[in-house]
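Protein chains in written order, with my numbering: chain A, 19 to 362; chain B, 19 to 362.
The block underneath contains the structure these notes are about, expressed in structure tokens.
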DNA sequence: CTGAAAGCGCTTACAG
DNA sequence: CTGAAAGCGCTTACAG
């Protein structure tokens with residue numbers, strides 16, 4: 019391994035000077051700099067970040083993205099978070115790695131104490147997220163993609179699930195739908211913040227248009243979607259519209275509906291929230307959906323995190339993004355005569 | 019930050035002794051050990067891995083999984099690799115992170131030189147993979163999930179694509195199919211090793227049963243699958259069976275076939291190779307498939323890598339796994355009268 | 001503008 | 001069984 023000492027020797031300067039050149043941390047005379055650079059090139063020097071990190075008390079220029087839900091496949095949206103974040107981090111001279119650890123505070127604390135990462139980006143945030151306290155206690159800078167119930171003082175970027183849900187309901191209502199069900203994921207003991215906010219916005223919106231609130235939970239899997247599709251109109255007769263926040267189950271839902279003889283969108287309209295083009299194309303008919311801005315969330319999440327790392331005294335960056343509507347083949351006017359709600 | 023010095027001071031011993039206790043690297047008298055342990059507990063000491071790594075010339079007990087294809091969503095199979103590998107690494111006292119870097123040698127070389135990881139696990143291996151040379155040059159231990167054209171001397175674990183392909187063709191042939199097409203992914207300038215081996219096994223197998231070899235490439239996306247389904251029987255009339263190695267396109271293929279009025283499996287049988295239950299359920303009808311042993315691959319990949327790290331002189335571990343057949347709803351006897359091939 | 005030196009937190013021959 | 005000391009590769013006040 020080529021060290022700074024080797025470079026210093028060859029260039030006839032001290033290791034301090036080499037360090038100044040490498041980091042641009044102090045002005046160096048042009049002629050000296052050139053000698054150092056020449057030596058680095060000739061020797062193939064690359065600074066050892068371990069030594070650098072130790073000397074500067076821990077800064078590694080690595081940030082970790084914590085993704086807990088690795089039992090399920092990553093949605094295209096999650097992958098887009100990751101690639102967006104990764105690109106942005108690299109632009110800023112940081113490396114971003116995905117660290118697959120569970121949701122419990124203990125594992126997060128261990129990671130934090132290792133000192134191997136300068137900051138942490140949290141995904142799949144819950145309303146009350148134990149990781150937040152763990153990171154606070156450990157004093158590790160962090161930001162969230164998503165947000166807890168009370169995100170005051172924490173940097174985050176999140177989808178505006180309330181606005182997105184209102185949009186979904188409004189689009190159905192504009193086509194005459196009033197009996198609209200809401201389908202979301204179900205993990206026991208897991209208060210996914212996005213789902214909670216969307217569900218509450220749904221209840222408000224559907225009440226405003228005079229319809230009943232019907233909330234359905236299914237596992238995040240194609241099989242669960244299929245099963246739901248086969249029974250949804252039996253369980254909830256009269257429903258003409260579905261807003262679904264469960265990307266893993268959406269395609270299966272349409273398959274199950276077809277099995278049950280329900281024609282989409284003639285008999286039932288479906289709008290899928292926080293979805294990707296990939297998943298829309300996976301479904302038949304193609305989903306009408308609200309596109310999750312995955313890459314943007316990743317990029318801005320990194321920005322929010324770097325702000326915490328570099329300017330801990332600034333107010334944290336907080337930002338909400340709405341999903342954009344993308345027309346597909348699962349939204350149509352409510353069937354004639356279905357508009358009036360005959361009671362529960 | 020609590021350091022070894024703090025612990026040593028409190029316990030009335032030297033930092034060396036603390037280190038011996040922490041690492042179990044030398045015998046320590048029980049009574050001394052207890053004092054040290056008590057001090058560590060009281061102070062909440064956790065060894066700083068940066069210092070440790072530097073002192074022992076670089077060992078961080080972190081291994082990186084390199085996954086280049088982050089433009090597409092991760093398949094459930096890829097996620098299973100990752101979780102399997104992650105679990106196994108943790109069992110062995112290592113942390114595994116996913117490092118999203120491109121396929122080019124330069125980025126790999128940079129990562130290698132940072133000294134931040136003890137070893138590297140390569141995914142999405144190409145026949146001639148530039149990363150292999152980069153890692154060899156850098157002297158970083160590595161193993162592959164997948165394998166290059168000439169994997170001699172490199173640890174790996176891979177799916178036995180030749181055997182799996184033969185199996186797929188044989189199962190179709192047993193039901194009277196002889197005109198069997200092979201559908202795989204297409205990325206320009208990218209010699210995916212799995213695809214190449216499967217394709218060559220397909221050509222041999224299909225020739226042996228007296229059928230024509232029809233190789234079709236489509237992008238790895240649901241949309242490309244749809245488009246192919248709509249034209250496949252027009253482009254390749256008389257085909258009664260399809261073996262597909264393209265998990266992202268398989269569900270779309272079935273959708274496209276339905277659009278074209280082709281009934282699966284009555285008119286056309288489909289067997290999907292190296293697939294997961296998740297993707298099988300995404301498709302309608304449910305795919306008949308050969309299950310990719312994702313978690314096992316990940317675990318054994320880590321084993322192969324740790325072997326390289328810990329016993330560089332041992333012969334590298336190399337292992338092939340076959341995919342297991344899972345019955346679904348896309349395989350049926352060839353349509354009557356379709357058995358004979360009337361020529362190209 | 002440049003250098004000598006201390007120090008980051010740990011490990012590990014070497015002595016005893 | 002335990003300790004004093006050198007060293008891992010780098011950064012950074014402090015002098016000059």
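Built from N, CA and C at the ideal position, the CB exists for glycine as well.
This one's a predicted model, so the numbers in the text were calculated from it and none came from an experiment.
**Request:** Note down, in chain order, each residue of its chain lying with its Cβ closer than 6 Å to the Cβ of residue 203 of chain A, except the 5 sequence neighbours on either side.
**Result:** Cβ neighbours of residue 203 of chain A beyond the five flanking positions: 238, 264.
**Cβ-based burial, residue 249 of chain A [other Cβ within 10 Å; buried from 16]** = Its Cβ having fewer than 16 others within 10 Å, residue 249 of chain A is exposed.
**Item:** Start-to-end residues for the alpha helix (DSSP H) that takes in residue 296 of chain B
**Value:** That run of the alpha helix (DSSP H) goes 295-300.
**Request:** Return no unless some Cβ of chain A is closer than 8 Å to the Cβ of residue 364 of chain B.
**Result:** Past the edges of chain B, shown from 19 to 362, lies residue 364 of chain B, and the structure says nothing about it.
**Message:** Against chain B, with Cβ distances strictly below 8 Å, would residue 117 of chain A count as a contact?
**Reply:** Yes, residue 117 of chain A counts as interfacial toward chain B.
**Request:** Measure from the C-beta of residue 99 of chain B to each C-beta in chain A and report whether the shortest distance is under 8 Å.
**Result:** Closer than 8 Å: no.
**Message:** Please give the ranges of any beta strand (DSSP E) in the segment 30-87 of chain A, keeping only runs that are unbroken, at least 3 residues long and fully inside the region.
**Reply:** Runs found: 80-84.
**Item:** Given 8 Å, three or more beta-carbon pairs between the segment 228-236 of chain A and the segment 320-330 of chain A
**Value:** Flag = no, the segment 228-236 of chain A and the segment 320-330 of chain A do not touch.
**Prompt:** For a contact meaning CB atoms closer than 8 Å, what does residue 239 of chain A contact in chain B?
**Reply:** Those are 296, 299, listed as they occur along chain B.
**Asked** Roughly how many whole angstroms lie between the Cα atoms of residue 213 of chain B and residue 145 of chain B?
**Response** Rounded to the nearest angstrom, the two C-alpha atoms are 10 Å apart.
**Request:** Using three-state DSSP, classify residue 348 of chain B as helix, strand or coil.
**Result:** Looking at residue 348 of chain B - three-state DSSP - the assignment turns out to be coil, as it is neither helix nor strand.
**Message:** Taking the straight line between their C-alpha atoms, what separation do you get for residue 315 of chain B and residue 96 of chain B?
**Reply:** Their backbone Cα atoms lie some 10 Å apart in a straight line.
**Given residue 73 of chain A as reference, the closest of A:57, A:37, A:83, A:93 once Cα atoms are compared** = Considering only alpha carbons, the answer is A:37.
**Request:** Starting from residue 308 of chain A, trace the beta strand (DSSP E) both ways and give me its first and last residue.
**Result:** Its beta strand (DSSP E) spans residues 306-309.
**Message:** Check whether the segment 262-279 of chain A and the segment 140-159 of chain A are in contact - that is, three or more C-beta pairs closer than 8 Å.
**Reply:** Per the Cβ contact rule, the segment 262-279 of chain A is not in contact with the segment 140-159 of chain A (fewer than 3 Cβ pairs under 8 Å).
**Item:** Element boundaries [alpha helix (DSSP H), containing residue 247 of chain A]
**Value:** Here the alpha helix (DSSP H) through residue 247 of chain A covers 240-253.
**Asked** Which first and last residues belong to the beta strand (DSSP E) in which residue 232 of chain A is found?
**Response** First-last of the beta strand (DSSP E) with residue 232 of chain A: 232-236.
**Message:** Taking the straight line between their C-alpha atoms, what separation do you get for residue 284 of chain B and residue 245 of chain B?
**Reply:** Here the alpha carbon of residue 284 of chain B sits roughly 20 Å from the alpha carbon of residue 245 of chain B.
**Spatial neighbours of residue 419 of chain A in its chain, beta-carbon cut-off 6 Å, leaving aside the 5 residues before and after** = This structure cannot settle anything about residue 419 of chain A, because the visible part of chain A is limited to 19 through 362.
**Item:** residue 104 of chain B (DSSP reduced to helix, strand or coil)
**Value:** DSSP places residue 104 of chain B in helix when its eight states are reduced to three.
**Prompt:** Which of the three DSSP states, helix, strand or coil, is assigned to residue 362 of chain A?
**Reply:** Caution is warranted here: a pLDDT of 39 is assigned to residue 362 of chain A, below 50, making its placement in the model unreliable, and the coordinate value is therefore given only provisionally. In this structure, residue 362 of chain A counts as coil in the three-state DSSP scheme.
**Message:** Please confirm whether residue 179 of chain A has its beta-carbon closer than 8 Å to some beta-carbon of chain B.
**Reply:** No - not a single Cβ of chain B is within 8 Å of the one on residue 179 of chain A.
**Asked** If you pair each beta-carbon of the segment 182-190 of chain A with each one of the segment 290-304 of chain A, do three or more pairs fall below 8 Å?
**Response** The segment 182-190 of chain A vs the segment 290-304 of chain A: in contact.
**Collapsed DSSP secondary structure at residue 337 of chain B in the structure displayed** = The answer is strand: DSSP assigns residue 337 of chain B an E or B state.
**Prompt:** Are the segment 302-310 of chain A and the segment 326-337 of chain A touching by the rule of at least three beta carbon pairs closer than 8 Å?
**Reply:** The segment 302-310 of chain A vs the segment 326-337 of chain A: no contact.
**Local conformation of residue 199 of chain A per DSSP, three classes** = Reduced to three states, the DSSP call for residue 199 of chain A is strand.
**Request:** Classify residue 272 of chain A as helix, strand or coil using the three-state DSSP reduction.
**Result:** In the structure shown, residue 272 of chain A sits in a helix (DSSP, three-state: H, G or I).
**Prompt:** Comparing the C-beta of residue 104 of chain A with each C-beta of chain B, is any distance below 8 Å?
**Reply:** Yes, because at least one Cβ of chain B sits closer than 8 Å to the Cβ of residue 104 of chain A.
**Request:** Find the residues of chain A that neighbour residue 244 of chain B, judging by a C-beta separation of less than 7 Å, and give them in chain order.
**Result:** By Cβ distance, chain A contributes 299.
**Prompt:** Looking at the unbroken alpha helix (DSSP H) that takes in residue 176 of chain A, where does it start and where does it end?
**Reply:** Segment 173-177 is the beta strand (DSSP E) holding residue 176 of chain A; no alpha helix (DSSP H) there.
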